[in-house]
Every structure is written in structure tokens, then in C-alpha cells.
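Engineer:
There are 2 protein chains.
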Amino acid sequence: MKENESKLENRHIKPTAMRELVLKVLSDQSAAISLADLEQKFEKADKVTLYRTLKTFEENKLIHSIDDGTGSVKYALCKETCQCHPEDLHVHFLCTKCKQTYCLTDIPVPSVNLPTRFTLETINMVVKGICVNCI
Amino acid sequence: MKENESKLENRHIKPTAMRELVLKVLSDQSAAISLADLEQKFEKADKVTLYRTLKTFEENKLIHSIDDGTGSVKYALCKETCQCHPEDLHVHFLCTKCKQTYCLTDIPVPSVNLPTRFTLETINMVVKGICVNCI
DNA sequence: AAAGTTTATGCAACCGAGTTGCAAAGTTGT
DNA sequence: ACAACTTTGCAACTCGGTTGCATAAACTTT
Ligand SMILES: [Mn+2]
Ligand SMILES: [Mn+2]
Ligand SMILES: [Zn+2]
Ligand SMILES: [Zn+2]
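Respectively, the protein sequence lines represent chains A and B. Those letters in the first sequence? Residues 197 to 331, per our numbering, in order. Those letters in the second sequence? Residues 197 to 331, per our numbering, in order.
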């Protein structure tokens, strides 16, 4: 998995063994995963190390975090070009049946007309419903 | 405050002293408040009682809860006619400076075109930025 | 009005997600 | 080989939210 190694380097993250393993898990995942989910993907791994790995990934914009209202933050890979700016934002979908959280990367967050003299920094938009696998 | 009493009765909530006090606090508030905020509005009140009061209010749609991503859920009064259905949903605004959370009741949540065979139940849309009081 | 039943309140204790401190292990540069 | 820095692992903690249970208050029935 030389590819993941260079993904890390592209984001200026030192490619340790742990980090490559975590990145592999994230790459194999079609839905976003929580810290607890991630922990369960390993036989024996320290939660704090995984936590800090995710933090490092997020700080360097390799992944973004999603607060879907379930009480546990989810994480998903950013696109190669993503800088996590407002224009990179997309809608997230939480399936109330399977509890999976998906990045709807094709659906940009719609713009809103805020009241006068409210300035926008970022938007979190989470749609809840039933996903295609749960119909 | 006979008005609050009837607001409670309209929502089929038995108007106890505690509940009327809590409703008064919520009515006086222009922004949404958390359980902790509510607790601080009283000299001496049990957090659990307040917690259960909010739960009761929410179940009966007197108030709605807002997960603004700060880690503590906020609560705000519903409109008299609100049934908390998708058509009643509005955008919420979290000021990153004063940390106040506002109901933008005039701004309905924009509709999104979900991928095929995803069905919508509800949407949470939180805009972050600087509010009019913090410019 | 007294007894019985339901509902609301208060205290303690718990829970889970996230976070911090610190020491050990590993890495990098000289 | 040594020093300097980074990463990892363990323990312990924080904080918001929640449950269990006993008491108190409010209605119901006799
Ligand atoms: Mn996403
Ligand atoms: Mn609102
Ligand atoms: Zn699903
Ligand atoms: Zn503000």
C-alpha cells in the first residue's frame, strides 16, 4: 500500500505503521466511522492512539469529521483536493435504520440567506432517513 | 402568568410550579438554552428535574431541541402551531463568538435532492458564523 | 376525610464519548 | 552512541446526559 503512504505524505503526515493501518481502514470504508468503530477494527489498539491519529488526520485535512447528532463523531476521508473550505462542504446522510453515516459528496450544502449582518463561517447539514440499502 | 399555564395545558402538560418556572425562563429567552444554562437560572434546582421537565416539554412539542455541535443540546420554544414535522423545520445559527444559538424561524431548511431510493425523515441544518450582536 | 393510586421531584450513582498527563518506546540527526 | 524530538500506551479524568429509587405531592376512589 504505497498509495496510502503517499497520501499521508501529501498531507504532511509522517507515515507510521499505525497511521497506515488507520488510513487503510478508512479507505476500505464506504460510510463514515466513529472512534469506537475504528477501535473495533483492530484486535488490540489503544483508543487514545487512534483518537490522536484521527485528530492528526483531521488537522491535516486528510479526513473530515461529521457530527450527525448520534452522540459520536464520525470520520471520513476527504477528497484529494479538499481543503475543508465552505465550497468543499457537502451534505451528510444518517440512516435511521442501519445507523450508517454517508458522505453525499455530490450534494453541496445549499446556500442560505442569513439575516442582515449575520456572517457565515460554515454549515453542518445532516439529513436523516432511510438509505438505499435499508429500503 | 396565566398564559404560560394555558400553554402547558394546550400541550397536555400538567402545569406544576416547576414547569411554569421553566417555561417562563424559556419564554424570556431570545436564544436557545442548554440544560446547564437552565440550571443556572435557578438558585437551587435539581438538574434531573429540569432535565425531565425539558424531556416532557419536548415530547409534547412545546419545545424543540437543537444539536448545534457544541456538545450540549439546546432547547427553544416551538411556535404555537408547531408539530415538529419536516415542514416546521427551520435553520439554526450558532455564533462562534458569543456561543448563542438562535432559531432562524423565518428560514426554512432548504430541500435537498437525495440520491435515488434514499428517503427523507428530517434534516438538521446548523449555520455557524458571527451573529448580529457580535460584529 | 381517609386510604389508595398515580405522578412529580430530589438525591445518588452511573454511563459513554471524548480528553489530558505522563512515562515508555520509537525515530531522527549528529 | 548520544541527545532531541515524536509517537504510542496506560491510567485517570471531565462533562453532558441518563437511570434507579425513595420521598413528596397531587389526584381518585371509597
Ligand atoms: Mn463527508
Ligand atoms: Mn429552533
Ligand atoms: Zn441504512
Ligand atoms: Zn454572537
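Cβ atoms here follow ideal geometry from the backbone N, Cα and C, with glycine treated the same way. Just so it is clear, the structure is predicted and the values come from calculations on it, not from any experiment.
Give the residues from the stretch 265-285 of chain A that approach chain B closer than 7 Å (Cβ to any Cβ), ordered along the chain.
Structural biologist: 265
Engineer: By Cβ distance, which residues of its chain are closer than 7 Å to residue 214 of chain A, with the 5 residues on each side in sequence left out?
Structural biologist: Mapped onto the first sequence, residue 214 of chain A falls at position 18. The residues are 245 and 249.
Engineer: Look at the Cβ atom of residue 273 of chain A, then the Cβ atom of residue 222 of chain A, and state whether they are nearer than 7 Å.
Structural biologist: Taking the first sequence and counting its residues from 1, one reaches residue 273 of chain A at position 77. Taking the first sequence and counting its residues from 1, one reaches residue 222 of chain A at position 26. Yes. Within cutoff.
Engineer: At a Cβ cut of 9 Å, what residues of the stretch 305-318 of chain B count as close to chain A, listed as they run along the chain?
Structural biologist: Along the stretch 305-318 of chain B, going in chain order, the ones with a CB nearer than 9 Å to a CB of chain A are 305, 306, 307, 308, 309, 310, 311, 312, 313, 314, 315, 316, 317 and 318.
Engineer: Quick one: list the residues of chain B neighbouring residue 233 of chain A, beta-carbon separation under 8 Å, in chain order.
Structural biologist: Here residue 233 of chain A refers to the residue found at position 37 when the first sequence is read from its first residue. Near residue 233 of chain A there are no residues of chain B at all, since even the closest Cβ is about 19 Å away, more than 8 Å.
Engineer: Which class does residue 282 of chain A belong to by DSSP, given the choice of helix, strand or coil?
Structural biologist: Stepping through the first sequence from its first residue, residue 282 of chain A is reached at position 86. In this structure, residue 282 of chain A counts as helix in the three-state DSSP scheme.
Engineer: Rounded to whole angstroms, what's the CA-CA distance from residue 308 of chain A to residue 303 of chain B? Just pull it up for me.
Structural biologist: Looking up residue 308 of chain A in the first sequence gives position 112. Looking up residue 303 of chain B in the second sequence gives position 107. The straight-line gap from Cα to Cα measures roughly 8 Å.
Engineer: If residue 203 of chain B sits next to residue 219 of chain B, beta carbons under 8 Å apart, how far is it from one beta carbon to the other, in whole angstroms?
Structural biologist: Counted from its first residue, the second sequence places residue 203 of chain B at position 7. Counted from its first residue, the second sequence places residue 219 of chain B at position 23. Going by Cβ atoms, the distance from residue 203 of chain B to residue 219 of chain B rounds to 7 Å, so yes, they are a contact pair.
Engineer: Tell me whether residue 281 of chain A is buried or exposed, calling it buried when 16 or more other Cβ atoms sit within 10 Å of its Cβ.
Structural biologist: Start at 1 with the first residue of the first sequence, and residue 281 of chain A comes out as number 85. Flag for residue 281 of chain A reads exposed.
Engineer: Going along the chain, which residues of its own chain have a beta-carbon closer than 8 Å to the beta-carbon of residue 286 of chain A, five neighbours each way excluded?
Structural biologist: Taking the first sequence and counting its residues from 1, the one referred to as residue 286 of chain A is at position 90. So the list reads 299, 300, 301, 302, 303, 304 and 305, once near-sequence residues are dropped.
Engineer: So with CB distances below 8 Å, who are the chain A contacts of residue 289 of chain B?
Structural biologist: Within the second sequence, numbered from 1, the residue matching residue 289 of chain B stands at position 93. Within 8 Å Cβ-Cβ: 310 and 314.
Engineer: Taking CB distances under 7 Å as the criterion, tell me whether residue 324 of chain B reaches chain A.
Structural biologist: Looking up residue 324 of chain B in the second sequence gives position 128. Yes, its Cβ sits closer than 7 Å to a Cβ of chain A.
Engineer: Considering only the beta carbon of each residue, do residue 325 of chain A and residue 320 of chain B sit closer than 7 Å?
Structural biologist: The count along the first sequence starts at 1 and reaches residue 325 of chain A at position 129. The count along the second sequence starts at 1 and reaches residue 320 of chain B at position 124. With contacts defined by Cβ atoms closer than 7 Å, residue 325 of chain A and residue 320 of chain B do not form a contacting pair.
Engineer: Closer than 7 Å, CB to CB, is residue 327 of chain B near chain A or not?
Structural biologist: Residue 327 of chain B sits at position 131 when you count from the first residue of the second sequence. Interface residue, yes.
Engineer: For the putative contact between residue 201 of chain A and residue 211 of chain A, defined by C-beta atoms under 8 Å, what is the C-beta separation to the nearest angstrom?
Structural biologist: By one-based count along the first sequence, residue 201 of chain A stands at place 5. By one-based count along the first sequence, residue 211 of chain A stands at place 15. Indeed, because the Cβ distance is near 5 Å, the residues count as touching under 8 Å.
Engineer: As a quick check of your reading: which residues have a C-beta less than 7 Å from at least one non-hydrogen atom of ligand 3, in chain order?
Structural biologist: A:291, A:293, A:294, A:296, A:326, A:327, A:329 and A:330
Engineer: Compare the C-alpha of residue 231 of chain A against each of A:276, A:294 and A:268 and name the closest.
Structural biologist: Reading the first sequence from its first residue, position 35 is the one you call residue 231 of chain A. Ranking A:276, A:294 and A:268 by Cα distance to residue 231 of chain A puts A:268 first.
Engineer: Judging by CA-CA distance, which residue of B:217, B:241, B:323 and B:229 is the nearest neighbour of residue 315 of chain A?
Structural biologist: As a first step, residue 315 of chain A is located in the first sequence; it is residue number 119 there, counting from the start. Of the candidates B:217, B:241, B:323 and B:229, the one whose C-alpha sits nearest the C-alpha of residue 315 of chain A is B:323.
Engineer: Can you find a C-beta in chain B that's less than 7 Å from the C-beta of residue 331 of chain A?
Structural biologist: Numbered from 1 along the first sequence, position 135 holds the residue referred to as residue 331 of chain A. It does: the Cβ of residue 331 of chain A has a partner Cβ on chain B nearer than 7 Å.
Engineer: Just to confirm, are residue 209 of chain A and residue 256 of chain A a CB contact at a threshold of 7 Å?
Structural biologist: The count along the first sequence starts at 1 and reaches residue 209 of chain A at position 13. The count along the first sequence starts at 1 and reaches residue 256 of chain A at position 60. Going by C-beta atoms, residue 209 of chain A is nearer than 7 Å to residue 256 of chain A.
Engineer: Can you tell me which of the three DSSP states residue 249 of chain B falls into?
Structural biologist: For this step, residue 249 of chain B is matched to residue 53 along the second sequence. Of the three classes helix, strand and coil, the one that applies to residue 249 of chain B here is helix, per DSSP.
Engineer: Report the residue ranges of all alpha helix (DSSP H) runs contained in full by the stretch 201-233 of chain B; include only those spanning at least 4 residues, in chain order.
Structural biologist: Listed in chain order, they are 213-224.
Engineer: Helix, strand or coil for residue 254 of chain B per DSSP?
Structural biologist: By one-based count along the second sequence, residue 254 of chain B stands at place 58. Three-state DSSP puts residue 254 of chain B in a helix.
Engineer: Excluding the 5 residues flanking residue 293 of chain B on each side, which residues of the same chain have their C-beta closer than 8 Å to its C-beta?
Structural biologist: Here the question's residue 293 of chain B lines up with position 97 in the second sequence. Only 326, 327 and 330 meet the Cβ criterion.
Engineer: When you get a sec, list the residues whose CB is within less than 6 Å of any heavy atom of ligand 1, chain order please.
Structural biologist: A:260, A:262, A:272, A:286, A:288 and A:299
Engineer: Taking the alpha carbon of residue 254 of chain A as the point to measure from, which residue in A:225, A:240, A:233 and A:270 has its own alpha carbon closest?
Structural biologist: Mapped onto the first sequence, residue 254 of chain A falls at position 58. For residue 254 of chain A, the nearest C-alpha among the options comes from A:270.
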